[in-house]
Structures are given as C-alpha cells and as structure tokens.
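Undergrad: Structure incoming, see below.
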Amino acid sequence: MSGGGPLSDAVIDVQHVSKSFGGLQAVRDCSLQVKRGSITGLIGPNGAGKSTLFNLVAGNITPDTGKIIFDGKDITGLPPHKLFSLGMLRTFQIAHEFSNMTALENLMVVPDHQPGENLVATWFMPGTVKARDLAVKQKANDVIDFLKLAHVKNELAGNLSGGQKKLLELGRTMMVDAKVVLLDEVAAGVNRTLLQDLAANIERMNQELGYTFFVIEHDMDLIGRLCDPVIVMAAGEKIAEGPMSEIRANPAIIEAYFGSPVEAA
Ligand SMILES: Nc1ncnc2c1ncn2[C@@H]1O[C@H](COP(=O)(O)OP(=O)(O)OP(=O)(O)O)[C@@H](O)[C@H]1O
Ligand SMILES: [Mg+2]
Numbered sequence: 004m005s006g007g008g009p010l011s012d013a014v015i016d017v018q019h020v021s022k023s024f025g026g027l028q029a030v031r032d033c034s035l036q037v038k039r040g041s042i043t044g045l046i047g048p049n050g051a052g053k054s055t056l057f058n059l060v061a062g063n064i065t066p067d068t069g070k071i072i073f074d075g076k077d078i079t080g081l082p083p084h085k086l087f088s089l090g091m092l093r094t095f096q097i098a099h100e101f102s103n104m105t106a107l108e109n110l111m112v113v114p115d116h117q118p119g120e121n122l123v124a125t126w127f128m129p130g131t132v133k134a135r136d137l138a139v140k141q142k143a144n145d146v147i148d149f150l151k152l153a154h155v156k157n158e159l160a161g162n163l164s165g166g167q168k169k170l171l172e173l174g175r176t177m178m179v180d181a182k183v184v185l186l187d188e189v190a191a192g193v194n195r196t197l198l199q200d201l202a203a204n205i206e207r208m209n210q211e212l213g214y215t216f217f218v219i220e221h222d223m224d225l226i227g228r229l230c231d232p233v234i235v236m237a238a239g240e241k242i243a244e245g246p247m248s249e250i251r252a253n254p255a256i257i258e259a260y261f262g263s264p265v266e267a268a
C-alpha cells in the first residue's frame, strides 16, 4: 500500500477515503494518520473538506471508498454511538449544550456508555445506582474544577458565554474518559481570554490525562501553540503535514491555502 500504511502508533488511520455529495467530491483519496498522544491540527481553506473528514472519521457519514482504522480496528461505516463506546468523541462546529440545564447537569447527563463498562450490571444491582449517581456528580464536579468553571456551575448553560459553552463542551468529553477527541472549530467565537483557558485545558488534558486530540481550527496562533503535527487539506486532499513552523514557512502551502502568496505570520 502507498502512503506509509498503518502505523502502530496511529490511533486514527484514514486510508484512501473519498466522499462525494452529488457531483461534488468533498474528500478525495485522502490518507492521513493521527498519532496516539498527539494534538494533531487540521487546517485548510473554507470548503477544503475538513468537517467532512471529521464526519467520516466520527461515523456521522459513510465513505464512498476507503477505510478508517481506529485503535487497530476497522471502523468504516460504524455509527457514532459505537465509536463513542470505543472511546472516540467529536464536538461540532456549533456547540449544542442543553440550555435549560445547569452547567453541572450538562456534564451529568453525558451518556455513560463508558468504554468497557457493563451497564447490565447496574440494572441487576439497583442498590449501586445511587452510588453511581454520586460518583457521576463527583466526576462532574471534578471536571468543572479542572476547567475552572466552578463559579458558573449552577448557572443555566443557556446563560453562559460562548467561550464558557465551549469549555463545557470540552468538559463533556472528559465525562466519558474518551481516548480520542475531535474538536471542530472549538475556538470559534471565543474571546481571547477564554481562548487561552481553552488552549491550556486542551494541553493539560493531553499531557496530564493522556488524551489524543484531532483539531480543526482557523486560528493559526492557536494551531501553532497546540498542534504538532499540522495537516493541511485543500480541495478534499491532504496537501502537506509537518510542524506549524514548517507549514508557515512553505510558500507553496501558503499559496494553496490562501489562494495567493502572503507574508508568513
Ligand atoms: N451534507 C452535505 N451535502 C452537500 N454538500 C456538502 C455536505 N457537507 C459538506 N458539503 C460540501 O463539501 C465541501 C467540503 O465542506 P466541509 O464542510 O467539509 O469544508 P470545511 O473544510 O469544513 O470548511 P469550513 O472551514 O468552512 O468549515 C463543501 O463544498 C461543502 O459545501
Ligand atoms: Mg468545517
């Protein structure tokens, strides 16, 4: 096989994946890997196919051709809830909190299909349910503290700022011990201060808790701070991969990305 083949340290391995919508080929023969323990960036101009690639990896849509391997398993065509129970979770470009519940409650209602957990055991041992609820509440509080959202934990989620909602969305991924989190434009609409918090939390989740992140983002400073490597997509194809310093310095990539040569930031 071309393109390097499956790597043992690749937790996500996309192999020759294509996807068309009618006549439009959104993703074309795309192969890429996300290494376990990395924060891998995915950048490219509007319409490059980034969100479509996420939808393919996360099981929201099925590829026309190609294969997707997660953690050594062929997951091509598996629905999101199956991938969720394997430890993969995605966030959407638009945050979708439950606005009539508090921040804390939003974390407590994350489905508890924990990887490896036996739900049947809880049905047959109702006495353990209360202990479970307490454990979930404790965990939600831990996540709230980790994200420094304690001051708003009893606020209705609908009243939180855009940035706080994004932090909450990140928090939801922490309730399930996901191994791999796909973040689609998690920084969009977030103010500079909260953006720093968000970035710091992603770094801490990566370094202290061992999460792997695959991150779509238009904010190049954020990508540069967080991600290594950075994968560049244009017109449905992967056109480059490397550290952000290399991506920024490569005139061919800058041209493909912005449509015309620009000064590297
Ligand atoms: N469900 C769909 N039906 C039809 N066309 C779609 C669908 N989803 C995406 N597309 C098209 O596929 C192409 C790639 O879109 P995609 O959303 O993946 O781009 P993107 O890189 O995420 O862009 P952005 O940076 O603007 O979010 C676009 O031309 C888009 O209009
Ligand atoms: Mg998108």
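Numbering (my numbering), first residue to last: 4 to 268.
Glycine residues also receive a C-beta, built at the ideal position from the N, C-alpha and C atoms.
Report buried or exposed for Pro232, applying the criterion of at least 16 other Cβ atoms within 10 angstroms of its Cβ.
TA: Mapped onto the sequence shown, residue 232 falls at position 229. Per the 10 Å Cβ criterion, buried.
Undergrad: Comparing alpha-carbon positions, which option in Gly174, Lys76, Pro66 lies nearest Asn144?
TA: Locating residue 144 in the sequence shown gives position 141, where the first residue counts as 1. Of the listed residues, the one whose Cα sits closest to Asn144 is Gly174.
Undergrad: Between the region 245 to 264 and the region 64 to 82, do three or more beta carbon pairs fall short of 8 Å?
TA: Output reads no: the region 64 to 82 does not touch the region 245 to 264.
Undergrad: Report all residues from its chain with a CB closer than 7 Å to the CB of Pro66; omit the five preceding and five following residues, and keep chain order.
TA: Working through the sequence shown from its first residue, we reach residue 66 at position 63. Correct list, in chain order: Val20, Ser21, Lys22, Leu59, Thr79.
Undergrad: Given a threshold of 16 other Cβ atoms within 10 Å of its Cβ, counted over all protein chains shown, does Arg207 qualify as buried or as exposed?
TA: Here residue 207 corresponds to residue number 204 of the sequence shown, with the count starting at 1. By the 10 Å Cβ count, Arg207 comes out exposed.
Undergrad: Grouping DSSP H, G and I as helix and E and B as strand, with all else coil, what is Ala3?
TA: This structure gives no information on residue 3, because the portion of the chain shown stretches from 4 to 268.
Undergrad: In the DSSP assignment, what are the bridge partners of Ser23?
TA: Residue mapping note: residue 23 aligns to position 20 of the sequence shown, counting from 1. DSSP, once it has assigned bridges, lists Gln28 as partnering Ser23.
Undergrad: Have a look at Arg93 and Thr68 and give me their C-alpha separation to the nearest angstrom.
TA: Translated into positions along the sequence shown, residue 93 becomes position 90. Translated into positions along the sequence shown, residue 68 becomes position 65. About 22 Å.
Undergrad: Which residue wins for smallest C-alpha separation from Ile15, given the options Leu27, Ala238, Glu258, Phe217?
TA: Along the sequence shown, one-based indexing puts residue 15 at 12. Closest option to Ile15, Cα to Cα, is Phe217.
Undergrad: Assuming Val235 contacts Ile242 under a Cβ cut-off of 8 Å, what Cβ separation, rounded to an integer in Å, is found between them?
TA: Taking the sequence shown and counting its residues from 1, the one referred to as residue 235 is at position 232. Taking the sequence shown and counting its residues from 1, the one referred to as residue 242 is at position 239. Confirmed, Cβ separation roughly 5 Å.
Undergrad: Find the nearest neighbour of Asn157 within the set Ile147, Gly166, Gly165, judged by alpha-carbon distance.
TA: The residue labelled residue 157 in the question sits at position 154 within the sequence shown. Closest option to Asn157, Cα to Cα, is Ile147.
Undergrad: Let me have the residue list for ligand 1: C-beta closer than 6 Å to any non-hydrogen atom, ordered along the chain.
TA: Phe24, Leu27, Ala29, Gly47, Asn49, Gly50, Ala51, Gly52, Lys53, Ser54, Thr55
Undergrad: Quick check on DSSP: helix, strand or coil for Arg93?
TA: Numbered from 1 along the sequence shown, position 90 holds the residue referred to as residue 93. Three-state result, Arg93: strand.
Undergrad: How about Glu258: is its C-beta nearer than 8 Å to some C-beta of chain D?
TA: Given the protein chain composition of this structure (a single chain), no chain D is represented.
Undergrad: Can you tell me the Cβ-Cβ gap for Val183 and Thr215, rounded? I've got them flagged as a contact below 8 Å.
TA: Against the sequence shown, residue 183 aligns to sequence position 180. Against the sequence shown, residue 215 aligns to sequence position 212. Sure, about 5 Å apart at Cβ, within 8 Å.
Undergrad: Report yes if the C-beta of Ile219 is less than 7 Å from at least one heavy atom of ligand 2; otherwise report no.
TA: Your numbering for residue 219 matches position 216 in the sequence shown. It does: the Cβ of Ile219 is within 7 Å (strictly closer) of some heavy atom of ligand 2.
Undergrad: In chain order, what residues of the same chain lie with their CB nearer than 6 Å to the CB of Met178, ignoring the 5 residues before and after it?
TA: Position 175 of the sequence shown, counting from 1, holds the residue named residue 178. Within the same chain, Met178 has close Cβ partners Leu110, Val113.
Undergrad: I need the boundaries of the beta strand (DSSP E) containing Leu186, first residue and last residue.
TA: Counting from 1 along the sequence shown, the entry for residue 186 is found at position 183. That run of the beta strand (DSSP E) goes 183 to 187.
Undergrad: By how many angstroms is the C-alpha of Leu186 removed from the C-alpha of Leu137?
TA: The sequence position of residue 137 within the sequence shown is 134, counting from 1. The sequence position of residue 186 within the sequence shown is 183, counting from 1. Taking the straight line from one Cα to the other gives about 29 Å.
Undergrad: Straight-line CA distance for Gly119 to Pro83?
TA: Mapped onto the sequence shown, residue 119 falls at position 116. Mapped onto the sequence shown, residue 83 falls at position 80. Because Gly119 carries a pLDDT of 41, less than 50, the predicted location of this residue cannot be relied on, and no value is offered for it.
Undergrad: Contact defined as beta carbons within less than 8 Å: I believe Gly165 pairs with Gly192. What is the distance between those atoms, to the nearest angstrom?
TA: Locating residue 165 in the sequence shown gives position 162, counting from the first residue. Locating residue 192 in the sequence shown gives position 189, counting from the first residue. Yes, they are in contact, since the Cβ atoms of Gly165 and Gly192 sit about 5 Å apart, within 8 Å.
Undergrad: Within 7 Å: the Cβ of Asp187 and any heavy atom of ligand 2?
TA: Your numbering for residue 187 matches position 184 in the sequence shown. Yes - ligand 2 has a heavy atom lying nearer than 7 Å to the Cβ of Asp187.
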